Amino acid sequence: DDLVTAYVAASTFISSNNTGEGDSSTIRYLDLGTGNASVLQMTTWYLLSSELRNHAYHIEAYGVEARTEAVGFARRSLSFNLGTIETNGKTYTGSSESITHNVEIVNGDFRDLIHSQDLSDPMQQVASERYDLITGTPPYFRIDFSGSDERITEAVINQGGMPTSMQSAPARCEFRGGIEAYCQAAAAMLQPEGVFVVCENWLNDKRAHDGAKIAGLDIVSVWPVMGRVGKPEPLF
9 DDLVTAYVAA STFISSNNTG EGDSSTIRYL DLGTGNASVL QMTTWYLLSS ELRNHAYHIE
69 AYGVEARTEA VGFARRSLSF NLGTIETNGK TYTGSSESIT HNVEIVNGDF RDLIHSQDLS
129 DPMQQVASER YDLITGTPPY FRIDFSGSDE RITEAVINQG GMPTSMQSAP ARCEFRGGIE
189 AYCQAAAAML QPEGVFVVCE NWLNDKRAHD GAKIAGLDIV SVWPVMGRVG KPEPLF
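Under the working numbering, think of the first position of the sequence shown as 9, with each following residue one higher.
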């Protein structure tokens with residue numbers, strides 16, 4: 009799902025030729041609920057290897073993640089895969105020919121970006137921008153909670169089983185919102201002509217369409233993806 013999301017996001021963005029308003033040399037990209045930053049990195053790599061390299065571009069990218077342990081893994085991955093360089097007195101995560109890129113992982117709940125109140129300085133910086141490209145891979149399985157805002161007394165998974173790993177559970181199950189929350193955040197953070205690419209479980213197809221409509225997003229295309237059972241390659 010991460011690989012397909014990154015491919016569709018980068019290729020769609022390139023074909024639509026969207027760049028930042030007021031500064032056509034900067035591409036602003038946001039990954040919601042970035043986890044270990046796999047989509048964030050693959051999308052950035054694709055943009056760096058595309059025909060954009062024939063022009064002078066700067067990529068400014070953020071991945072927002074609420075889980076502290078995942079933030080640590082994501083930052084470690086960035087340090088290995090992108091590193092840092094100094095160009096004209098400024099620090100970037102790297103460059104590829106004529107494109108410089110700065111990719112940052114921010115610890116926070118992306119749902120808070122909509123309100124922009126009582127945010128940490130890094131989250132405030134993310135909230136202050138509007139983005140040409142936004143990606144998201146929401147958890148696939150809905151959870152119904154009982155209790156109050158102050159105290160949850162019960163959590164029931166209606167799709168699949170309860171995960172046993174504390175690290176992976178929020179990535180699989182909707183402890184911090186599902187497709188609807190991603191649509192709301194994307195609608196608030198996109199440039200007027202920006203692109204939002206999201207991957208969702210087919211069981212939640214109606215929720216995805218309803219969530220987009222409620223958030224005021226127009227669905228331009230849908231890519232049905234099915235794994236190829238018993239065939240080592242290609243995967244889909």
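The beta carbon of each residue, even a glycine, is placed where N, CA and C say it ideally should be.
Here the structure is a predicted model, which is why all the values come from computation and not from measurement.
| Asked | Found |
| --- | --- |
| Cβ pair count under 8 Å reaching 3, the region 115-126 against the region 72-85 | yes |
| Counterpart residues of Asp-267 in DSSP-defined beta bridges | Because the chain spans 9 through 244 in this model, residue 267 falls outside it and cannot be assessed. |
| Three CB pairs or more closer than 8 Å across the region 136-145 and the region 191-198 | yes |
| Best match in His-109, Thr-42, Asp-39, Arg-83 for proximity to Ser-57 [C-alpha to C-alpha] | His-109 |
| Extent of the continuous alpha helix (DSSP H) run through Gly-238 | Note, Gly-238: premise wrong, no alpha helix (DSSP H); not H, not E. |
| Outcome for Gly-235 when other beta-carbon atoms lying within 10 angstroms are tallied against a minimum of 16 | exposed |
| CA-to-CA distance, Met-131 to Val-121, given in whole angstroms | Looking at the sequence shown, residue 121 is not Val but Leu. Distance between the alpha carbons of Leu-121 and Met-131 is about 7 Å. |
| Nearest neighbour of Phe-88, chosen from Ala-45, Leu-38, His-123 [CA to CA] | Ala-45 |
| Span separating the alpha-carbon of Val-233 from that of Tyr-148 | 15 Å |
| Unbroken beta strand (DSSP E) run spanning Pro-232, endpoints | Segment: none, Pro-232 is in no beta strand (DSSP E) and carries neither H nor E. |
| Among Gly-202, Phe-21, Val-206, Arg-36, the one whose alpha carbon lies nearest that of Val-230 | Val-206 |
| Top-ranked residue by Cα proximity to Val-228, from Asp-129, Ala-17, Val-47, Ala-135 | Ala-17 |
| Cut-off 7 Å between Cβ atoms - residues of its own chain near Leu-48, not counting five sequence neighbours on either side | Asp-39, Thr-42, Ala-69, Gly-71, Val-111 |
| Segment limits, alpha helix (DSSP H) that includes Gly-219 | 213-223 |
| For Phe-204, the residue or residues it bridges with in DSSP | Ile-142 |
| Helix, strand or coil at Asn-110 [DSSP, three-state] | strand |
| Leu-127 to Thr-20 span [Cα, whole Å] | 31 Å |
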